[in-house]
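Worksheet for the structure shown next.
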Amino acid sequence: MVAVNNKGKVVEPFRSKNGDRRRLTEQIIDISNIYIPFPEEPVGVGSEWEAEREESLTQIKTVSTYKITEINDKQIVVSIASKIKGMKGFVDNEAKGQYVLDRKTCKMITGDFSMSLEDKRKVFFKFRSIPD
80 MVAVNNKGKV VEPFRSKNGD RRRLTEQIID ISNIYIPFPE EPVGVGSEWE
130 AEREESLTQI KTVSTYKITE INDKQIVVSI ASKIKGMKGF VDNEAKGQYV
180 LDRKTCKMIT GDFSMSLEDK RKVFFKFRSI PD
């Protein structure tokens with residue numbers, strides 16, 4: 080389980096269902112990377128903002144630019160472009176994608192993300208929410 084505040088910031092990462100905090104070494108991914116950190120001020124179509132994160136285990140820094148590209152009756156579409164600064168010995172990289180959020184709850188419905196590897200192959204990530 081993960082607790083996220085109303086601005087998309089992860090405030091309680093990786094707790095088991097019984098409430099025990101997961102050890103850092105048991106965390107497969109930094110869950111904060113799939114949540115959108117919203118700014119304090121209101122946003123709408125065309126709004127753009129930047130956020131920086133550092134993965135606690137590997138010290139990889141990511142600077143992401145978010146932009147709201149569409150709002151309709153049911154969904155909010157947010158594009159993302161990230162610059163990833165790797166660990167020593169790894170190349171820096173860029174990734175792009177988008178998230179589709181439920182307009183009423185702002186919970187993620189789906190997301191996709193892609194980035195190129197050093198050898199020109201691409202990696203794709205797809206996310207979807209699991210109903211409560």
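Each residue of the sequence shown is one higher than the one before, starting from 80 at the first, in my numbering.
Beta carbons: idealized from backbone N, C-alpha and C, even for Gly.
Whole-number beta carbon distance between W128 and Y145, since they are thought to touch under 8 Å: Your numbering for residue 145 matches position 66 in the sequence shown. Your numbering for residue 128 matches position 49 in the sequence shown. Going by Cβ atoms, the distance from Y145 to W128 rounds to 6 Å, so yes, they are a contact pair.
- request: May I have the straight-line CA-CA distance separating T184 from I155, to the nearest angstrom?
  value: As a working mapping, residue 184 is identified with position 105 in the sequence shown. As a working mapping, residue 155 is identified with position 76 in the sequence shown. Looking at the two C-alpha atoms, the distance is approximately 10 Å.
task: Would you mind listing the beta strand (DSSP E) stretches within the region 138-175 that are 3+ residues and don't spill past its ends, in chain order?
output: 140-150, 154-164
query: Under the DSSP definition of a beta bridge, which residues are partnered with R207?
result: The count along the sequence shown starts at 1 and reaches residue 207 at position 128. Per DSSP, T189.
query: Among the residues of its own chain, which have a CB less than 7 Å from the CB of K180, if the five just before and after it don't count?
result: As a position in the sequence shown, residue 180 is number 101, starting the count at 1. Residue identity check: residue 180 is Leu in the sequence provided, not Lys. Cβ within range, chain order: Q154, I155, V157, K186, M187, I188.
field: Residue environment, F203, which counts as buried when at least 16 other CB atoms sit within 10 Å
entry: Locating residue 203 in the sequence shown gives position 124, counting from the first residue. Classification for F203: exposed.
message: Between S208, K199, E131, which has its C-alpha nearest D163's C-alpha?
response: Against the sequence shown, residue 163 aligns to sequence position 84. Reading off the sequence shown, one finds Ile at residue 163, where the question assumed Asp. Taking only the C-alpha atoms, the option nearest I163 is E131.
field: Residues bridged to V179 (per DSSP)
entry: Position 100 of the sequence shown, counting from 1, holds the residue named residue 179. In the DSSP output, where bridge partners are listed per residue, V179 has V156, T189.
- request: Would you tell me roughly how many angstroms separate the C-alpha atoms of S126 and I147, rounded to the nearest one?
  value: Here residue 126 corresponds to residue number 47 of the sequence shown, with the count starting at 1. Here residue 147 corresponds to residue number 68 of the sequence shown, with the count starting at 1. Computed Cα separation, rounded: 6 Å.
Classification of G123 by the beta-carbon crowding that lies within 10 angstroms, buried from 16 upward: Sequence index remark: in the sequence shown, residue 123 carries index 44 (1-based). So G123 counts as exposed.
- prompt: Can you name the start and end residues of the beta strand (DSSP E) that E131 belongs to?
  reply: Residue mapping note: residue 131 aligns to position 52 of the sequence shown, counting from 1. First-last of the beta strand (DSSP E) with E131: 127-133.
message: Taking the beta carbon of S143 as the centre, do at least 16 other beta carbons fall within 10 Å, making it buried, or is it exposed?
response: For the purposes of this step, residue 143 is taken as residue 64 along the sequence shown, with counting starting at 1. That one is buried.
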